[in-house]
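**Student:** Mature numbering (1 follows the signal peptide of the UniProt record, and there is no 0) puts the sequence shown at residues -22 to -1, 1 to 562.
Just so it is clear, CB atoms sit at the ideal spot from N, CA and C, and this is done for glycine as well.
On a predicted model such as this, the values are computed, not experimentally measured, just so you know.
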Amino acid sequence: MRSAVLTASVLLCALGGSRALATSLADEAAPAGYGYRDASGTIDTRNHGDLRVSIRTSALKPERGYTPIDVVLQNSGLVSLQVRLAFQGHSNSGPRTSERTVEVPPQRRLVTWLPVPATVQAGSILVESPGLSPLTLPAHTPVYVERSSGGTVLVLGTLKDFDDTSGVPRVEATGSPLFSVRTVDPRDAPRELSAYVGYSVVMVPGDLAAVPADVWAVLESYVLSGGRLVLPQASSRLTEHLPLFTAEGSRDAAPYGFGRVRLCGAALECGQALNAMLGVFIPGAVSPAGAAPRWERSNLLAGGLTPLLDHANTPVGRFLLLIFAFVLAVGPGGLMLARRRGPVAVLVAVPLVSVLTCVALVMWSVLVDGFAVHSARYSLTWLDAERSRAVTLGVSAWYANVSSGPVRFPATSALLAPENADEMLADLDWTNGLTVTHGFLPPRTYREWGEVAVLPSRARLVVRREGDTVRVQNALGARLEQGYVRVGSQSYALPALEDGAEGALGEPLPEGATPVNQLVSSVGGTSLAEGRLSGGEENFRAPLPEGGFIARLGGLGPAPSSAVDVELEAGIHLVRGQSEGGRP
């Protein structure tokens, strides 16, 4: 018997270890393959009265974020048409929708984009317009997204430009390509960060001058927030579009905010750069945790991750105590009552105890959990004080007894759902930026969201000398809890300061100190938020330059969802940038 138990234990350990190893390899194994596959998709065109509608019915699905579906609307009439586009997923994608309302001027062609969560495999788009009879409008147009066996590359240009510039051979899907490519005309490219953030690499293979200025602004936001941008040539105007780029002579991928920019010359060099980038596993800059799949019944979150919010953990001990008290009252208590007062008293007491127990549970939920939204928030922010903006990667955990209302996000930000979600989690309206109309936070449901954003900001850290003393002023918009600054080729610890307060620096740190790693490790061990922001930490951990600083702030943080009224359970926000007056 003992040997049988030992054998079973060994088998269970082996199976558990092999499953953990398989999961690890599946998550981090490098892609394998050769060449690329064209996944630009097909277009379905239909005429409906004065409105001509062209919808891309198959498109390349990025690894995360959103699949941008382009819709071309041509109004041949003399009156403007207001057109509503609504996408709903098929099968197990759930009842949620992604929609956008646009106005098409008379005698004009309009290209619009409808971002669809990358978790969706298929769905249909409905076109509605008050200016047209319902009989003339199309039925639901089916849309399918194509998964890539390797990386995904969004190309702003033609396929010929990509072939001439990259030199990577084109293969069929059955040939195990290393990555898949989707081409988009630069003039019609989307102007929202959400349309780019999920792609492994974005490349401009042709003339850089052919890319409109507003598209360049989105491309810069994409690479600032953790993307990888490949450009085939250096241009004298490149610094106008990428003002932080300072490595024009380098052939390596240069850090740019949280992302990287790669310049390449000849076709062979561009092909090698793409193969090198896409030949390794590329994690997302932000990785919120989703609910555990059915086969992980013992876990609350996928991969066995711990919730960031204590409210997500069921108070098992308290419930067991309540159940024990209920059993004592109904069992032994009922027996004693029956002996003393008779069975009629038991018939009255047992329902009364049940009612009191239910009232206690309700009162506990109201008084302890309440009707507030509970949240824990973590973020990494790169300040560009010279251009008055902040680049933020954030992850937040949410829980509430009641559902939340609509939440708005600007076009220069992207809301990211967990990558393992198997359905659309919320109703999305892209008419003016992004508005999550329903489903942002369902009642009594733990949920995590990721955010990337490039937003205007006047936050800064002011450094000035007063004789032999160096003083700093906290103008970062929140309490400064800990930090470091480099002044005069020496690193100093920042004092704890309220927003707007000033303080003096102490003695410099010893030579060889690594203040950035010290601060990041002090708040999150090996990684902040248990690795949910690890994809953005590589560039963030770079040594401080002269005048540079890194600080830990409290509060809600700079991410767009900070506008939601919450009871904050935890808030850790790391900010780095150049101090004002810190350079000689």
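#1: So, under 8 Å CB-CB, L358 and L552 are touching, yes? Tell me the CB distance rounded to an integer number of Å.
#2: What runs of the alpha helix (DSSP H), each 4 residues or longer, lie entirely inside the region 446 to 516?
#3: Identify every residue that forms a DSSP beta bridge with F65.
#4: In the DSSP assignment, find the alpha helix (DSSP H) that holds A317 and state where it starts and stops.
#5: Nearest-angstrom Cα distance between L197 and A173?
#6: Give every residue of the same chain whose Cβ lies closer than 7 Å to the Cβ of L256, excluding the five residues on either side of it in the sequence, and list them in chain order.
#7: Let's see if you can read the secondary structure: which residues bound the beta strand (DSSP E) around D362?
#8: Is it true that the CB of L283 sits closer than 8 Å to the CB of E444?
#9: Which whole-angstrom value describes the C-beta separation of P493 and I528, a residue pair presumed to lie in contact below a C-beta threshold of 8 Å?
#10: Going by DSSP, what residue range makes up the beta strand (DSSP E) through A389?
#11: So V331 and F304 are supposed to be a Cβ contact under 8 Å. How far apart are they, rounded?
#12: Whole beta strand (DSSP E) runs in the region 15 to 67 with 3 or more residues, listed along the chain?
#13: Could you tell me which residues DSSP pairs with D405 in its beta bridges?
#14: Could you give the uninterrupted runs of the beta strand (DSSP E) lying entirely in the region 241 to 285, keeping only those of 3 residues or more?
#15: Whose CA, out of L393, P84, E547, S353, lies closest to the CA of V414?
#16: Residues bridged to R160 by DSSP?
#17: Compute the beta-carbon to beta-carbon distance between D48 and R30, rounded to the nearest angstrom, for a pair I have assumed lies under 8 Å.
#18: How many whole angstroms separate the CB atoms of V542 and V351, which I take to be in contact at a CB cut-off of 8 Å?
#19: Relative to the C-alpha of P95, which candidate in H68, P46, R442 has its C-alpha closest?
#20: Exposed or buried, what is A368 when buried is set at 16 or more other beta-carbons lying within 10 Å of its beta-carbon?
#21: From A4 to G312, what distance separates their C-alpha atoms?
#22: To which residues of the same chain is P285 closer than 7 Å at the C-beta, ignoring the five residues directly before and after it?
#23: Quick test of your reading: V89 and D28, contact by CB under 8 Å. State the CB separation rounded to the nearest angstrom.
#24: Could you give the DSSP three-state label for T152: helix, strand or coil?
#25: Where does T335 sit, in a helix, a strand or coil, going by DSSP?
#26: Would you kindly check if the distance between the Cβ of P538 and the Cβ of P388 is under 8 Å?
#27: How is the beta strand (DSSP E) around A375 delimited, first residue to last?
#28: Taking Cβ positions, are P266 and E41 nearer each other than 8 Å?
#29: When we look at the beta-carbon of P523 and count the other beta-carbons within 10 Å, is it buried (16 or more) or exposed?
#30: Helix, strand or coil: which one does DSSP assign to F527?
#31: Answer with buried or exposed for Q60, where buried requires no fewer than 16 other C-beta atoms within 10 angstroms of its C-beta.
#32: Just the C-alpha distance for A101 and N517, rounded to the nearest angstrom, thanks.
#33: Mapping the DSSP letters down to three states, classify E397 as helix, strand or coil.
#34: Nearest CA to the CA of R554: which residue from G533, L534, V544, G525?
#35: What is the DSSP secondary structure of P329, counted as helix, strand or coil?
#36: Using beta carbons (cut-off 8 Å, strictly below), is R160 in contact with chain C?
**Tutor:** According to the structure shown:
#1: Distance from L358 to L552 at the Cβ level is roughly 5 Å; contact confirmed, criterion being Cβ atoms closer than 8 Å.
#2: Annotation note: the region 446 to 516 contains the following uninterrupted alpha helix (DSSP H) runs of length 4 or greater, listed N- to C-terminal: 493 to 502.
#3: BP columns for F65 point to S76, I103.
#4: One point to set straight first is that residue 317 is Arg, not Ala, in the sequence displayed. That run of the alpha helix (DSSP H) goes 310 to 319.
#5: Spanning the alpha carbons of L197 and A173 requires a straight line of approximately 10 Å.
#6: These residues qualify, in order along the chain: P9, G128, G129, L156, F157, S178, V179.
#7: First-last of the beta strand (DSSP E) with D362: 351 to 362.
#8: The answer is no: Cβ separation not under 8 Å.
#9: In this structure P493 is in contact with I528, their Cβ atoms being roughly 7 Å apart against a cut-off of 8 Å.
#10: Counting along the chain, A389 falls outside any beta strand (DSSP E), and DSSP gives it neither H nor E.
#11: V331 to F304, Cβ: 7 Å. Contact.
#12: The qualifying runs are 21 to 26, 29 to 34, 36 to 38, 44 to 53, 59 to 67.
#13: H416.
#14: Listed in chain order, nothing qualifies, since the region 241 to 285 has no complete beta strand (DSSP E) run of 3 or more residues.
#15: Of the candidates L393, P84, E547, S353, the one whose C-alpha sits nearest the C-alpha of V414 is L393.
#16: Paired residue(s): L132.
#17: Not really, about 14 Å apart at Cβ, beyond 8 Å.
#18: Contact flag correct, Cβ pair sits at about 6 Å.
#19: Nearest C-alpha to P95: P46.
#20: Buried, by the Cβ-count rule.
#21: Because the pLDDT at A4 is just 38, under 50, the model does not fix this residue reliably, and the value given afterwards should be weighed accordingly. Rounded to whole angstroms, A4 to G312 spans 57 Å at the Cα level.
#22: Answer for P285: L278, L279, N291, A375, Y424, listed in chain order.
#23: About 18 Å; that fails the 8 Å criterion.
#24: In the structure shown, T152 sits in a helix (DSSP, three-state: H, G or I).
#25: In the structure shown, T335 adopts helical secondary structure according to DSSP, grouped into three states.
#26: Yes, Cβ-Cβ distance for P388 and P538 is below 8 Å.
#27: For A375, the uninterrupted beta strand (DSSP E) segment begins and ends at 367 to 378.
#28: At least 8 Å separates the beta-carbon of P266 from that of E41.
#29: Around the C-beta of P523, fewer than 16 other C-beta atoms lie within 10 Å, and the residue is accordingly described as exposed.
#30: The answer is strand: DSSP assigns F527 an E or B state.
#31: Under this definition Q60 is an exposed residue.
#32: It should be pointed out that residue 101 corresponds to Gly in this sequence rather than to Ala. Cα atoms of G101 and N517: separation of roughly 38 Å, rounded to the nearest angstrom.
#33: Coil.
#34: Of the candidates G533, L534, V544, G525, the one whose C-alpha sits nearest the C-alpha of R554 is G525.
#35: The answer is helix: DSSP assigns P329 an H, G or I state.
#36: Within the model displayed, chain C is absent; a lone protein chain is all it includes.
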